[in-house]
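These notes concern the structure reproduced below.
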Amino acid sequence: TIVVVDGDVLGKPRDVHEAARMLSRLSGRSHTVITAVAAAWRDKLESAVEEVGVTFHPLSDREIREYIATGEPMDKAGAYGIQGFGATIVQRVDGDYFAVMGLPLQKLVRVLARLGLRYGFGALEEP
């Protein structure tokens, strides 16, 4: 999973200073989250990529410092995790919420179908 803003790729921050720079850059703006999924079954391999638009609320320097102090941003692309405290800084998601978390479920189900597998709400089935 990567975050793209103004054509620049934001991966995981190397330190708290880089996390603060990333969050400041994303503050009050829209960006794109790109994530992929791949699956193999027998002799087939299928994959898919999902792009999702995300918009942040404007963040104060204090909010950025406090969020970084939770430790949550340090192992996340773009220095935020939408599934945790980061949910409070996201204003809008245009697309698959789960893709922003790092697992594009809608694409995964379709990738499995192309492999001849059916997701049966708790189990994989071969037709």
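Counting from 1, position 89 in the sequence shown corresponds to residue 233 in the numbering used here; the numbering is continuous, with no gaps.
Note that beta-carbon positions come from the ideal geometry of N, C-alpha and C, so glycine has one too.
Everything numeric in this text was worked out from a predicted model, so none of it was measured.
**Message:** Runs of 4 residues minimum, wholly inside the segment 160-205: which ones carry the alpha helix (DSSP H) assignment?
**Reply:** If only complete runs of 4 or more residues are kept, the segment 160-205 shows the alpha helix (DSSP H) at 160-170, in order along the chain.
**Item:** First and last residue of the uninterrupted alpha helix (DSSP H) at Arg254
**Value:** Taking the sequence shown and counting its residues from 1, one reaches residue 254 at position 110. Counting along the chain, the alpha helix (DSSP H) containing Arg254 begins and ends at Leu249 to Arg258.
**Request:** Indicate whether Lys251 and Val181 have their beta-carbon atoms separated by less than 7 Å.
**Result:** In the sequence shown, counting from the first residue as 1, residue 251 sits at position 107. In the sequence shown, counting from the first residue as 1, residue 181 sits at position 37. Yes, the pair counts as a contact, with Cβ atoms nearer than the cut-off.
**Asked** What is the DSSP secondary structure of Glu210, reduced to helix, strand or coil?
**Response** Residue 210 sits at position 66 when you count from the first residue of the sequence shown. Three-state DSSP puts Glu210 in a helix.
**Asked** So what's Ile226 in DSSP terms, helix, strand or just coil?
**Response** Within the sequence shown, the letter at position 82 stands for residue 226. It is coil, neither helix nor strand.
**Helix, strand or coil at Glu270 according to DSSP, with G and I counted as helix** = The count along the sequence shown starts at 1 and reaches residue 270 at position 126. Three-state DSSP puts Glu270 in coil, outside helix and strand.
**Item:** Leu268, buried or exposed, once every other Cβ within 10 Å from all chains shown has been counted against 16
**Value:** Within the sequence shown, the letter at position 124 stands for residue 268. Burial call: exposed.
**Message:** Among the candidates Asp240, Tyr263, Gly222 and Met245, whose CA atom is the shortest distance from the CA of Gly228?
**Reply:** Locating residue 228 in the sequence shown gives position 84, where the first residue counts as 1. Looking only at Asp240, Tyr263, Gly222 and Met245, the smallest Cα-Cα distance to Gly228 is reached by Met245.
**Asked** CA-CA distance, Val153 and Leu189?
**Response** Within the sequence shown, residue 153 is the residue found at index 9, counting from 1. Within the sequence shown, residue 189 is the residue found at index 45, counting from 1. Cα atoms of Val153 and Leu189: separation of roughly 27 Å, rounded to the nearest angstrom.
**Request:** Can you give me the Cβ contacts of Asp219 inside the same chain, cut-off strictly under 8 Å, excluding the 5 residues immediately before and after it?
**Result:** As a working note, residue 219 is residue 75 in the sequence shown. For Asp219, where only same-chain residues beyond five positions count, the Cβ hits under 8 Å are Lys156.
**Cross-strand partners of Tyr241 (DSSP beta bridge)** = Taking the sequence shown and counting its residues from 1, the one referred to as residue 241 is at position 97. Within the DSSP bridge table, the entry for Tyr241 names no partner.
**Message:** On the DSSP bridge list, what partners appear for Leu154?
**Reply:** Along the sequence shown, one-based indexing puts residue 154 at 10. Paired residues: Val147.
**Prompt:** Ala213 to Gln235, Cα distance in whole Å?
**Reply:** As a first step, residue 213 is located in the sequence shown; it is residue number 69 there, counting from the start. As a first step, residue 235 is located in the sequence shown; it is residue number 91 there, counting from the start. So the two alpha carbons sit approximately 21 Å from each other.
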